[in-house]
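Numbering (the working numbering), first residue to last: 2 to 261.
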């Protein structure tokens, strides 16, 4: 299920992608999506619309029932084996018996990657320099999520997949970590796909927003975000920003209400 290598310059290509579970639960239908290297793309839609399923297919954790998908010109499974993909979920996947340092090191042990920077340097960059030897239960929610994302980024993946990484955090911490993550990904020119239920977060962080319809998930609309990267927090009070948040939210309401 691999798209032609003539398109290998693209970060991710999905063509006519569909996914069903147990033969009768249709999660995705005929999804066509291309993501360019260095882009930050947000997937937004109502619960159960297939956002996580699509992300899991990109990560090589699920296979499509129909259609084709490639990540930098190879199958998602091959891209993951080559340490080209990093994944962070909403619940931090940290081992309780390992310190922050050893949790991040575990990701290198699993992938066998040789990163350009040390675990210690990465944790310093992530604001965890004083907590390298702390265990997960000794870290705040925001710190645990930073360590979780560090595990996903330590092997320098070309594609970073983020499934609501800040969904369980309070609004202020969520905004601050979003700014922090956006800055890191922008500087490293990594490609990112973010699942979020927050329209504000999608407009603040993404270059494009993909609106998905209720199940079976289909692409209802792709919206270009016009604000230059990197973005400052002052943008949140900008009239054009607030107008766009309102416009995207209105479209999302319309997509959702049409199926109720």
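Ideal Cβ positions, reconstructed from N, Cα and C, are used throughout, including at glycine.
For residue i, the first and last residue of its enclosing alpha helix (DSSP H)
| i | result |
| --- | --- |
| residue 87 | Counting along the chain, residue 87 falls outside any alpha helix (DSSP H), though it belongs to the beta strand (DSSP E) covering 86 to 89. |
| residue 29 | No alpha helix (DSSP H) contains residue 29, which is instead part of the beta strand (DSSP E) from 26 to 36. |
| residue 242 | 240 to 258 |
| residue 122 | 120 to 126 |
| residue 201 | 200 to 206 |
| residue 1 | Absent from the structure is residue 1, since the part of the chain shown begins at 2 and ends at 261. |
Contacting residues, own chain, Cβ-Cβ under 7 Å from residue i (five flanking each side not counted)
| i | result |
| --- | --- |
| residue 128 | 147 |
| residue 252 | 212 and 222 |
| residue 206 | 41, 43, 179, 183 and 195 |
Sub-9 Å separation of residue i and residue j beta-carbons
| i | j | result |
| --- | --- | --- |
| residue 243 | residue 13 | no |
| residue 199 | residue 156 | no |
| residue 149 | residue 89 | yes |
| residue 51 | residue 28 | yes |
| residue 166 | residue 137 | no |
| residue 77 | residue 87 | no |
| residue 140 | residue 185 | no |
| residue 201 | residue 91 | no |
Buried or exposed (CB count within 10 angstroms, at least 16 for buried), residue i
| i | result |
| --- | --- |
| residue 231 | exposed |
| residue 118 | exposed |
| residue 85 | buried |
| residue 173 | exposed |
| residue 111 | exposed |
| residue 217 | buried |
| residue 80 | buried |
| residue 71 | buried |
Start-to-end residues for the beta strand (DSSP E) that takes in residue i
| i | result |
| --- | --- |
| residue 102 | It is not in any beta strand (DSSP E) - residue 102 instead sits in the alpha helix (DSSP H) that spans 101 to 112. |
| residue 69 | 67 to 72 |
| residue 189 | Not the beta strand (DSSP E): residue 189 falls in the alpha helix (DSSP H), residues 172 to 189. |
| residue 139 | Unbroken run through residue 139: none, as it is neither H nor E. |
Residues of its chain near residue i, where Cβ-Cβ distance is below 8 Å and the 5 sequence neighbours each way are ignored
| i | result |
| --- | --- |
| residue 31 | 17, 18, 19, 68 and 219 |
| residue 134 | 100, 101 and 102 |
| residue 33 | 15, 16, 17, 18 and 220 |
Backbone CA spacing between residue i and residue j [nearest angstrom]
| i | j | result |
| --- | --- | --- |
| residue 238 | residue 203 | 15 Å |
| residue 103 | residue 53 | 28 Å |
| residue 221 | residue 144 | 35 Å |
| residue 47 | residue 168 | 14 Å |
| residue 106 | residue 241 | 43 Å |
| residue 224 | residue 37 | 15 Å |
Contact with chain B by residue i, beta-carbon distance below 9 Å
| i | result |
| --- | --- |
| residue 147 | The structure shown contains no chain B; it is built from a single protein chain. |
Cut-off 6 Å between Cβ atoms - residues of its own chain near residue i, not counting five sequence neighbours on either side
| i | result |
| --- | --- |
| residue 176 | none |
| residue 11 | 35 |
| residue 5 | Note that residue 5 has pLDDT 40, beneath the 50 cutoff, so the model's placement of it is unreliable and no number is given. |
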